[in-house]
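Mind the numbering: the sequence shown is residues 451 to 730 in our numbering, read in order.
All C-beta atoms, glycine included, are put in the ideal place defined by N, C-alpha and C.
Note that the structure is a prediction, hence the values are computed from the model and not measured.
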Amino acid sequence: EAELIHMFKGIPFTTRSSPELLKSLDTFDAREDDVLLVSYPKSGTHWLAGVITKLYNTQVTLTSPIEFGDISKLEELNKLSSKRIIPTHLDYNMLPPKFKNKKCKMIYIIRNPKDTAVSMYHYYRDNPNLPTIDSWTAFFDLFLKGDVVCGSWFDHFLSWEEHENDENILFLFYEDMKKDLPKVVKDISLFLGLHISDDDIQDICKKSSFSEMKSDTEKENSNPKHTVCALTSNRKLIFRKGTVGDWKNHFTPKQNRRFEEVFNEKMKLSKMAKNLTYEL
Ligand code: A3P
451 EAELIHMFKG IPFTTRSSPE LLKSLDTFDA REDDVLLVSY PKSGTHWLAG VITKLYNTQV
511 TLTSPIEFGD ISKLEELNKL SSKRIIPTHL DYNMLPPKFK NKKCKMIYII RNPKDTAVSM
571 YHYYRDNPNL PTIDSWTAFF DLFLKGDVVC GSWFDHFLSW EEHENDENIL FLFYEDMKKD
631 LPKVVKDISL FLGLHISDDD IQDICKKSSF SEMKSDTEKE NSNPKHTVCA LTSNRKLIFR
691 KGTVGDWKNH FTPKQNRRFE EVFNEKMKLS KMAKNLTYEL
């Protein structure tokens with residue numbers, strides 16, 4: 451059990467991210483046209499990746515997460531000749547500095563942390579690469595303490611929010627994608643400097659619906675091994691429910707009060723917390 455997780459710079463990683471790789475990230479050579487997809491796990495990373503790869507009509511490669519694998523990973527990325535779309539769950543502070551210096555475009559997707567916690571709970575239960583969890587109650591405590599892979603949701607969000615005004619970073623909400631996907635797709639395409647017709651946007655949205663993406667994965671129209679999350683061994687585990695507010699089916703009133711206490715305390719200096727698009 452214990453060997454599934456190791457700590458690096460105070461953050462729990464699975465052993466699928468080797469310490470050698472994590473150490474060598476600092477020297478990774480970014481390219482100006484790299485696009486990073488950044489998220490805390492279970493925030494809609496695969497959904498966003500599905501949309502973005504459909505936006506390009508030139509050759510792009512959606513890689514596995516930069517922190518996933520062993521030391522040979524960076525070499526592998528260096529060899530790619532096409533434009534790279536690179537997912538990551540890294541904290542801002544752990545991001546290879548060259549992505550920052552070269553002002554690469556980055557898209558950070560946020561989801562209501564209550565729904566993220568519930569999604570992650572189910573994921574822990576279904577995923578052999580993650581430690582065993584006895585109950586929702588036990589997981590709830592671990593999540594609030596940040597004692598889960600990728601560490602604290604709050605620390606992750608806050609490390610990125612500090613860069614809210616950086617022109618090369620776009621912040622997106624899972625809940626906005628649920629509410630009005632065409633608008634978000636339009637925003638993404640403008641941010642990436644792509645010109646997409648309204649018809650194409652409609653088509654991309656249709657192909658990116660939960661049911662389409664789930665059935666594509668089941669039919670293996672997409673490689674089940676190709677995940678954009680460093681924790682996933684099987685893409686089929688990703689498409690569980692895909693709704694807003696599932697936390698209401700899991701949180702007790704007491705857990706909800708406790709969560710909000712911690713949220714208000716941790717987020718008291720957060721500007722974005724005041725206008726989050728979801729109802730906490
Ligand atoms: P649930 O567990 O709540 O269903 P990630 O890709 O970051 O691991 O996030 C996974 C979550 O995004 C899962 O949440 C999954 O169902 C949801 N998701 C994936 N594709 C989706 C889509 N096309 N529309 C809505 N939600 C989607």
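- Query: Shortest alpha-carbon distance to K664 belongs to which of R685, L527, N618 and F549?
  - Reply: Walking along the sequence shown from the start, residue 664 turns up at place 214. If we check each option's Cα against that of K664, R685 comes out closest.
- Can you say whether L640 is buried or exposed, counting buried as having 16 or more other CB atoms within 10 angstroms of its CB? In the sequence shown, the residue the question calls residue 640 occupies position 190. It counts as exposed.
- Task: Output the distance between the C-alpha atoms of Y574 and T464, rounded to the nearest integer angstrom.
- Result: Taking the first residue of the sequence shown as 1, we reach residue 574 at position 124. Taking the first residue of the sequence shown as 1, we reach residue 464 at position 14. When rounded, the distance between both Cα atoms is 12 angstroms.
- Task: For L530, count neighbouring Cβ atoms within 10 angstroms of its own Cβ and tell me buried if that reaches 16, exposed if not.
- Result: Walking along the sequence shown from the start, residue 530 turns up at place 80. The residue is exposed, with fewer than 16 neighbouring Cβ atoms inside 10 Å.
- Task: Report the rounded CA-to-CA distance for D578 versus S647, giving the unit in angstroms.
- Result: Taking the sequence shown and counting its residues from 1, one reaches residue 578 at position 128. Taking the sequence shown and counting its residues from 1, one reaches residue 647 at position 197. Here residue 578 is Pro; the residue named in the question, Asp, does not match the sequence. One C-alpha to the other measures close to 42 angstroms.
- Message: Within the continuous beta strand (DSSP E) that includes Y558, where are the two ends?
- Response: As a first step, residue 558 must be located in the sequence shown, where it is residue number 108. Counting along the chain, the beta strand (DSSP E) containing Y558 begins and ends at K555 to I560.
- Message: Given this structure, state the Cα-to-Cα distance separating K397 from D626, to the nearest angstrom.
- Response: One cannot answer for residue 397 here, as it falls past the ends of the chain, which runs 451 to 730.
- Message: Classify G611: buried if its beta carbon has 16 or more other beta carbons within 10 angstroms, exposed otherwise.
- Response: Numbered from its first residue, the sequence shown carries residue 611 at position 161. Per the sequence presented here, residue 611 reads as Glu, with Gly not at that position. The residue is buried, with at least 16 neighbouring Cβ atoms inside 10 Å.
- Looking only at C-alpha atoms, which of E526, I559, T582 and L486 sits nearest to P547? Indexing the sequence shown from 1 puts residue 547 at position 97. Closest option to P547, Cα to Cα, is L486.
- Message: For the ligand A3P, I want to know if H572 counts as a neighbour, meaning its beta carbon is within less than 8 angstroms of at least one of the ligand's heavy atoms.
- Response: The residue you call residue 572 lines up with position 122 of the sequence shown. Yes, since a heavy atom of the ligand A3P falls inside the 8 angstroms radius drawn around the Cβ of H572.
- Query: Can you tell me the Cα-Cα spacing of H645 and I536, whole angstroms?
  - Reply: Residue 645 sits at position 195 when you count from the first residue of the sequence shown. Residue 536 sits at position 86 when you count from the first residue of the sequence shown. Taking the straight line from one Cα to the other gives about 21 angstroms.
- Give a yes or no on contact between the region 615 to 624 and the region 556 to 565, applying the rule of three or more CB pairs nearer than 8 angstroms. yes
- Message: Can you list, in chain order, the residues of its chain with a C-beta nearer than 6 angstroms to that of D605? Leave out the 5 residues immediately preceding and following it.
- Response: Looking up residue 605 in the sequence shown gives position 155. None.
- Whole-angstrom distance between T677 and C655, CA atom to CA atom: Along the sequence shown, one-based indexing puts residue 655 at 205. Along the sequence shown, one-based indexing puts residue 677 at 227. Answer to the nearest angstrom: the Cα atoms are 20 angstroms apart.
- Task: Indicate the three-state DSSP secondary structure (helix, strand or coil) for M717 in the structure shown.
- Result: Residue numbering aside, residue 717 sits at position 267 when the sequence shown is read from its first letter. Of the three classes helix, strand and coil, the one that applies to M717 here is coil, per DSSP.
- Report the rounded CA-to-CA distance for A723 versus Y558, giving the unit in angstroms. Sequence index remark: in the sequence shown, residue 723 carries index 273 (1-based). Sequence index remark: in the sequence shown, residue 558 carries index 108 (1-based). Taking the straight line joining both Cα atoms gives about 15 angstroms.
- Message: Between which residues of its own chain and T667 is the CB-CB distance below 7 angstroms, once the five residues before and five after are set aside?
- Response: On the sequence shown, position 217 is the one that residue 667 refers to. P674, R685, K686 and F689.
- Cβ of P491 within 8 angstroms of any heavy atom in the ligand A3P? Position 41 of the sequence shown holds residue 491. Yes; taking the cut-off as 8 angstroms, the Cβ of P491 has a heavy atom of the ligand A3P nearer than that.
- Go ahead and pull the three-state DSSP assignment for P469. Mapped onto the sequence shown, residue 469 falls at position 19. Helix at P469.
- Task: Please confirm whether T508 and K533 have their CB atoms less than 9 angstroms apart.
- Result: Position 58 of the sequence shown, counted from the first residue, corresponds to residue 508. Position 83 of the sequence shown, counted from the first residue, corresponds to residue 533. Contact: yes.
- Whole-number beta carbon distance between V501 and S658, since they are thought to touch under 8 angstroms: For this step, residue 658 is matched to residue 208 along the sequence shown. For this step, residue 501 is matched to residue 51 along the sequence shown. Right, the Cβ-Cβ distance comes to about 5 angstroms (below 8 angstroms), so this counts as a contact.
- Less than 8 angstroms between the CB of H496 and some heavy atom of the ligand A3P, yes or no? What you label residue 496 is simply residue 46 of the sequence shown in a count that begins at 1. Because some heavy atom of the ligand A3P lies under 8 angstroms away, the Cβ of H496 counts as near it: yes.
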